[in-house]
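Residue numbers (the numbering used here), protein chains in the order written: chain A, 1 to 157; chain B, 1001 to 1157.
Here the structure is laid out as structure tokens; the discussion comes afterwards.
2 protein chains.
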Amino acid sequence: MTKTIAADTQTSKDRLRLWLRVLKATRAVENEVRENLRREFSSTLPRFDVMAALTQHNDGLKMSGLSTVLKVSNGNVTGIVERLVEDGLVIREKVPGDRRASLVKMTAKGRAEFAKQAAAHEQWIDTMFAGVAAEQVVPIADALDAVARQLDDKDER
Amino acid sequence: MTKTIAADTQTSKDRLRLWLRVLKATRAVENEVRENLRREFSSTLPRFDVMAALTQHNDGLKMSGLSTVLKVSNGNVTGIVERLVEDGLVIREKVPGDRRASLVKMTAKGRAEFAKQAAAHEQWIDTMFAGVAAEQVVPIADALDAVARQLDDKDER
DNA sequence: GCAGTAAACTTCAAGCTTAAAGTTTCATGC
DNA sequence: GCATGAAACTTTAAGCTTGAAGTTTACTGC
């Protein structure tokens, strides 16, 4: 009985430590990516994220689709897309049957620009994660996926 | 030769996938923590972070110390501390030998409030990371620490 | 038809964040 | 002493973010 409680307490402490490490590593990587995007492409992380989502969904996404995929608020997407449109990287089309909605798509210019950014991004990440041994990569990814999925499921309930 | 290149390419792709999972999990957890802090304590993540840092450094931190520890910009800390002071959770003391600097410390009220928040926080995290097997926790934490440390070292160069 | 409700957004206020520029104070060299 | 530069901040402009409130359009029941 005591043994079980002690083990649980230790695991709980270790889980908190794990979270703090995850957070620290994430922020370090994000800061680096943000800085690189700014310096090399005069862009930002949210803009990159929106373009990545649109590249995944080649036939376009509605505003609500974007905010669902990126898990950010509706109002947030409005502003980011607005600026991407100004820069001609993205376009807003009318949805035939629904005058409330609009479909956001990459422009040719956007695709060309994003291709460059994505290639550089992949390179940055590879360098930053070089310290993680190859055989650890998949197990870690799976473990974290379990965490994310549990929270996603909760949201849908 | 071909074998080596193929293996490296695969590892590179896996590392990118790993990063995307890390990011997804981090955002999911952060969103949950943010929401809980708001709902249960009418507070925010940055405020929690500042109080956590001050709790670690019981004899106070200078503004520059806070921005170094939290890895955020100087101007950022100014605003957050400002609001914490307004709420009486934190106090700014004068530094004897240096009229430019100020030392930020928790107040008694701040300590009491943070104790509640930290206890709840630990509970939230334990629940959210329940899906990670106990024997995986430490190896994952160590692997991510390597990533963060590499970037930290780079900053110091 | 038409009332009521839901969906798809946009707008708003408040706070967070950064990089860059500005202010005051301190330390160093001479 | 005093100039010069660095340190410790604060301020500013621009963008990101959220939750809440507001607007327009679509759908559903009757």
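Each residue gets a CB set at the ideal place from its N, CA and C atoms; glycine is no exception.
Bear in mind the structure is a predicted one, so any value in this text is a computation, not a measurement.
7 angstroms Cβ cutoff, residue i in contact with chain A
i: residue 1094 of chain B; result: no
i: residue 1050 of chain B; result: no
i: residue 1025 of chain B; result: yes
Residue interval of the alpha helix (DSSP H) (run including residue i)
i: residue 49 of chain A; result: 45 to 56
i: residue 237 of chain A; result: As displayed, chain A neither begins before 1 nor continues past 157, which places residue 237 of chain A out of reach and without an answer.
i: residue 108 of chain A; result: 108 to 128
i: residue 1079 of chain B; result: 1074 to 1086
Cutoff 7 angstroms: residue i Cβ touching any chain B Cβ
i: residue 28 of chain A; result: yes
i: residue 150 of chain A; result: yes
i: residue 62 of chain A; result: no
i: residue 125 of chain A; result: yes
i: residue 40 of chain A; result: no
i: residue 32 of chain A; result: yes
i: residue 122 of chain A; result: yes
i: residue 146 of chain A; result: yes
Span of the beta strand (DSSP E) around residue i
i: residue 90 of chain A; result: 90 to 95
Own chain partners of residue i with C-beta closer than 8 angstroms, once the 5 adjacent residues on each side are dropped
i: residue 1081 of chain B; result: 1050, 1063, 1066, 1090, 1092, 1104
i: residue 1078 of chain B; result: 1063
i: residue 1053 of chain B; result: 1061, 1066, 1069, 1070
i: residue 1102 of chain B; result: 1062, 1063, 1092, 1093, 1094, 1095
Neighbourhood of residue i by C-beta distance below 7 angstroms, restricted to the same chain and skipping five residues each side
i: residue 133 of chain A; result: none
i: residue 1109 of chain B; result: 1088, 1089
i: residue 1129 of chain B; result: none
i: residue 107 of chain A; result: 88, 89, 90, 91
Bridge partners - residue i, DSSP secondary structure assignment
i: residue 1104 of chain B; result: B:1061, B:1092
i: residue 98 of chain A; result: A:95
Own chain residues within Cβ distance below 6 angstroms of residue i, not counting five before or after
i: residue 1045 of chain B; result: 1034
Can you pull out the residues from the region 1129 to 1144 of chain B whose beta carbon lies closer than 9 angstroms to at least one beta carbon of chain A? 1129, 1130, 1131, 1132, 1133, 1134, 1136, 1137, 1138, 1139, 1140, 1141, 1142, 1143, 1144
Name, going along the chain, the residues of the region 8 to 21 of chain A whose beta-carbon falls closer than 8 angstroms to a beta-carbon of chain B. 11, 12, 14, 15, 16, 17, 18, 19, 21
The region 93 to 116 of chain A: which residues have C-beta closer than 9 angstroms to a C-beta of chain B, in chain order? none
In chain order, what residues of the region 1068 to 1081 of chain B put their CB closer than 8 angstroms to some CB of chain A? 1071
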